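Numbered according to the numbering used here, the sequence shown terminates at residue 489, and the numbering increases by one at each position without gaps.
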Amino acid sequence: MKSGIGQATGKIVLMGEHAVVYGKKAVALPFFSVGIKTTINDIEGPIRIESACYTGLLKDAQKAIPGLKYLIEKTLEHLNIPTKNLEIMIDSSIPAQRGLGSSASVSVSVVRSLFNKYDQELDNKTLSDLVFLAETIHHNNPSGLDATVIIEESFISFEKDKGLKHIDSNLKGYLIVADTGMFGNTKESVSNVQERLKREPEKTKEAIDNLGKLSEEAIHDIESGNLEHLGKLMTSAHDKLKNIGVSNETLDRLVTSALKNNALGAKLTGGGNGGCMIAITDTMVDAKNIVDALLEQGAKHTWIYHLKEL
Ligand code: MEV
């Protein structure tokens with residue numbers, strides 16, 4: 180039979196990470212500079228997985244990739260296909276656990292590849308429901324933001340119980356993404372915020388409310404193309420994220436360095452406590468200077484993302 184192919188992009192949370200878990204608005208965009216391709220071939224015998232995180236039989240994968248194992252089993256059940264005779268190869272350029280959506284993207288590409296192999300139509304609702312199964316195992320209490328932006332492949336605002344809205348972006352400029360090289364465990368940082376909310380309810384709730392308000396304001400700036408004001412909101416969001424304990428010394432250092440080098444704004448992105456930071460600027464000259472400064476400050480990898488592309 181034919182091979183199945185499924186692809187998915189990375190994602191950037193521009194505003195509202197963590198606050199979105201508490202029903203506040205977040206803003207995210209697809210990150211096409213990185214991505215995942217899954218290829219499925221027929222083999223004889225039990226299902227085999229080949230990927231950077233795990234290579235071996237699906238039945239032995241419970242410890243290494245519990246979410247993905249469950250997702251593959253559930254997707255095959257949905258398609259009414261026996262759980263055998265497949266080789267699933269996952270090829271990723273998204274660094275894992277860096278806030279760039281690697282876990283949701285793997286899930287999206289795997290489900291797409293299985294549906295593609297068996298020539299089944301896949302609508303976004305079915306894809307989202309299936310991917311949510313794996314995300315719940317990965318993150319405990321996911322808002323659904325990561326999977327939604329990766330599935331939609333467009334600039335979106337998102338609220339946990341209300342879903343997504345497409346944003347018509349008029350931003351012209353550059354988004355710089357820098358990887359600290361440190362693993363950021365989203366599950367852990369989401370539960371740290373939960374604990375902080377119990378320990379310091381008033382201060383934490385205020386920061387979360389403010390993060391939600393900043394997302395609302397950011398949507399206007401994206402629509403009107405006001406890069407300068409959006410930058411101010413991003414830097415302000417970083418301070419609030421610091422207040423709820425999801426930044427660290429490396430992220431703060433990279434944010435400060437970007438701002439010193441003419442960035443219009445800078446913040447951590449995604450779960451935090453490691454992972455990546457982002458900055459925006461309106462010229463390529465500044466973008467390159469910011470990248471040089473971030474590399475000097477220890478960033479392990481950087482990307483310049485042309486916002487006009489979206
Ligand atoms: C992770 O990209 C975003 C978080 O808000 C978690 C979530 O929304 O599930 C930290």
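Cβ atoms here follow ideal geometry from the backbone N, Cα and C, with glycine treated the same way. Treat the numbers as computed from the prediction; the structure is a model and nothing was measured.
- Inside the region 211-293, DSSP marks whole alpha helix (DSSP H) runs of 4 or more residues at positions 245-258, from first to last along the chain.
- Taking 7 Å as the cut-off, the C-beta of residue 325 counts as close to a heavy atom of the ligand MEV.
- Under the DSSP assignment, residue 480 falls in the beta strand (DSSP E) whose first and last residues are 480-485.
- Short of 6 Å from the beta carbon of residue 427, and not among the five residues preceding or following it, lie these beta carbons of its own chain, in chain order: 452.
- The C-alpha of residue 294 lies about 7 Å from the C-alpha of residue 300.
- Inter-residue distance for residue 243 and residue 230 is about 11 Å (C-alpha atoms, whole angstroms).
- Residue 378 is classed as exposed because its beta carbon has fewer than 16 other beta carbons within 10 Å across all chains shown.
- Residue range 380-403 is occupied by the alpha helix (DSSP H) that includes residue 384.
- Take the alpha-carbon of residue 417 and the one of residue 265: they are about 44 Å apart.
- For residue 192, the enclosing beta strand (DSSP E) covers residues 183-194.
- CA-CA distance, residue 392 to residue 470, rounds to 29 Å.
- Apart from sequence neighbours up to five positions away, the residues of its chain that approach residue 332 with a beta-carbon distance below 7 Å are 188 and 209, ordered along the chain.
- The Cβ neighbour count for residue 440, taken over all protein chains shown within 10 Å, is at least 16; the residue is labelled buried.
- Between the alpha carbons of residue 482 and residue 186 lies a gap of roughly 20 Å.
- Contact annotation: residue 317 and residue 246 have beta-carbon atoms nearer than 8 Å.
- Within the same chain, and ignoring the five residues on either side of residue 465 in sequence, the residues whose Cβ sits closer than 6 Å to its Cβ are 441.
- Residue range 335-338 is occupied by the beta strand (DSSP E) that includes residue 338.
- The way I'd put it, the region 193-212 does touch the region 323-330; three or more beta-carbon pairs between them come closer than 8 Å.
- Residue 260 is not a Cβ neighbour of residue 217, given a cutoff of 8 Å.
- In chain order, 386 place their CB closer than 6 Å to the CB of residue 422, counting only its own chain and leaving out the 5 sequence neighbours on each side.
- Residues 318 and 450 of the same chain have their beta carbon placed closer than 6 Å to that of residue 365, with the five preceding and five following residues left out of the count.
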